[in-house]
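Structure first, commentary second.
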Amino acid sequence: MGINALTPATSQTDESDQTDLEFDDNRLLIDLCGEHDRNLASIEHQLDVQILRRGNRLTLIGEPEARAAAEAVLRALYHRLESGKVVDSGAVDGEIRLGETGPGASGKAASAGGAGAARLEIRTRKRTVEPRSPAQQDYVRALFEHEMVFGIGPAGTGKTYLAVAVAVNLFLAGHVDRIILSRPAVEAGERLGFLPGDMKEKVDPYMQPLYDALGDFLPGKQLARLIEEKTIEIAPLAFMRGRTLNNAFVLMDEAQNASSMQMKMFLTRLGEGSRMAITGDRSQVDLPRGTVSGLHDAEGLLKGIEGISFNYFTSRDVVRHKLVARIIEAYDKAAPIG
-8 MGINALTPAT SQTDESDQTD LEFDDNRLLI DLCGEHDRNL ASIEHQLDVQ ILRRGNRLTL
52 IGEPEARAAA EAVLRALYHR LESGKVVDSG AVDGEIRLGE TGPGASGKAA SAGGAGAARL
112 EIRTRKRTVE PRSPAQQDYV RALFEHEMVF GIGPAGTGKT YLAVAVAVNL FLAGHVDRII
172 LSRPAVEAGE RLGFLPGDMK EKVDPYMQPL YDALGDFLPG KQLARLIEEK TIEIAPLAFM
232 RGRTLNNAFV LMDEAQNASS MQMKMFLTRL GEGSRMAITG DRSQVDLPRG TVSGLHDAEG
292 LLKGIEGISF NYFTSRDVVR HKLVARIIEA YDKAAPIG
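Here's what the structure looks like:
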């Protein structure tokens, strides 16, 4: 049907504060609006516009920049439906975020979020993942283009999830032969002997977020087989010592809890044909008092080195419950992180 099915027409009665959009496919319009018009309500709330629905027409009322932003979001969401994709609350939030470049910049959505604009996608066996903010887009692009990528920011911004999705994508496409996911087991002091069970039983609860992410992208039986064959490995950071990792995608999660020596050890495992992603949150360091975070050291030492990309997230990039972003902002105001 093409994007021409969405035709904007400025109202003749009040050109100063109203924009009309007509949609040819009523079925897609119903999906665009959402159950009980909840998608429209979300756009109204976040972009400070009023949206009136009459038949196959939506009327936008508000300031010019707000109307331009809402129009761009509606165009992008309609185009998404035309291409067979689902429009849910996450897709709505994502299009709004992708149209923003900072506070007060919502009007720029008209160019950033227009229908047919290029969108990054990470395809895996079970689902296709799309970045939902400009920072996430830059991060995913870096993961595909650089051999070493740092993702630094608060919880809930998709740092680890997106990195695992890219790892699975590259593995399925044959660009890497293995996936190795690691965390510094700092809560157990890297000494796991006092916990009951064998080594796997001791480590697995701490590594569960990595298993969960993999489970979103690979069928259960295939994932179990790949882990059994050690094509996919999930292990504490201490187990990386002495290894050279060739043709692998290697991820260190919770990197703020690695010491400087552990960070150096991990980064120097990089072998031919491999890629590394290092994710961390500087506000959640659990190292013993007086121990310098290896993530902090790496930022100071490695910025500017060709082939290494540093990508930063803020509370604006949180894709969990909206309260998470507000909680992060409250803590940041109370104790700013340098």
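Residue numbering for the sequence shown follows the working numbering, starting at -8 and increasing by one per position. All residues carry an ideal CB built from backbone N, CA and C; glycine is no exception.
So residue i is in the beta strand (DSSP E); what residue range does that whole segment cover?
i	result
D11	Q9 to F14
V241	A239 to M243
M139	M139 to I143
A67	Taken as a continuous stretch (DSSP letters only), A67 belongs to no beta strand (DSSP E), being part of the alpha helix (DSSP H) at P55 to E73.
Q41	Q41 to R45
E224	I223 to P227
R260	Element bounds for R260: n/a, residue is neither H nor E.
Under a Cβ-count criterion, where at least 16 other Cβ atoms within 10 Å of its own Cβ denotes burial, should residue i be classed as buried or exposed?
i	result
P55	exposed
A164	exposed
H70	buried
P175	buried
G95	Low confidence applies to G95: its pLDDT is 38, below 50, so where it sits in the model is not reliable, and the reading given next is rough at best. With fewer than 16 Cβ atoms within 10 Å of its Cβ, G95 is classed as exposed.
G104	Annotation note: pLDDT 40 at G104 (below 50); position unreliable, coordinate value reported separately. Classification of G104: buried, given that the 10 Å Cβ count is 16 or more.
Could you pull out every residue in the same chain whose Cβ sits closer than 8 angstroms to the Cβ of residue i, ignoring the five residues on either side in sequence?
i	result
L209	T115, R116, K117, V159 and L217
Quick check on residue i: does DSSP put it in helix, strand or coil?
i	result
V159	helix
T151	helix
I87	helix
S330	In the structure as shown, the chain begins at -8 and stops at 329. Residue 330 is therefore absent and cannot be evaluated.
I296	coil
L49	strand
S33	helix
V120	strand
D28	helix
V169	For the sequence presented, residue 169 should be read as Arg rather than Val. In the structure shown, R169 sits in a strand (DSSP, three-state: E or B).
For residue i, which residues from the same chain have a beta carbon less than 6 angstroms from its beta carbon, with the 5 sequence-adjacent residues on both sides left out?
i	result
M243	S173, F257 and I269
T222	R169
R266	E138 and F240
Quick one: give me the first and last residue of the alpha helix (DSSP H) that residue i is part of.
i	result
V310	Note, V310: premise wrong, no alpha helix (DSSP H); not H, not E.
L292	G285 to L293
P210	First-last for P210: undefined, no H or E at that position.
L134	P125 to E136
R18	N17 to C24
Going along the chain, which residues of its own chain have a beta-carbon closer than 7 angstroms to the beta-carbon of residue i, five neighbours each way excluded?
i	result
Y152	A204
L340	In the structure displayed, the chain extends from -8 to 329; residue 340 sits before or after that span and is not available.
D22	L72 and V78
List the whole-angstrom C-beta distance separating residue i from residue j, where the pair is believed to meet the contact cut-off of C-beta under 8 angstroms.
i	j	result
I170	L236	Not confirmed; about 11 angstroms, so no contact.
L19	L72	5 angstroms
G90	R123	Wrong, their Cβ atoms sit about 11 angstroms apart, outside the cutoff.
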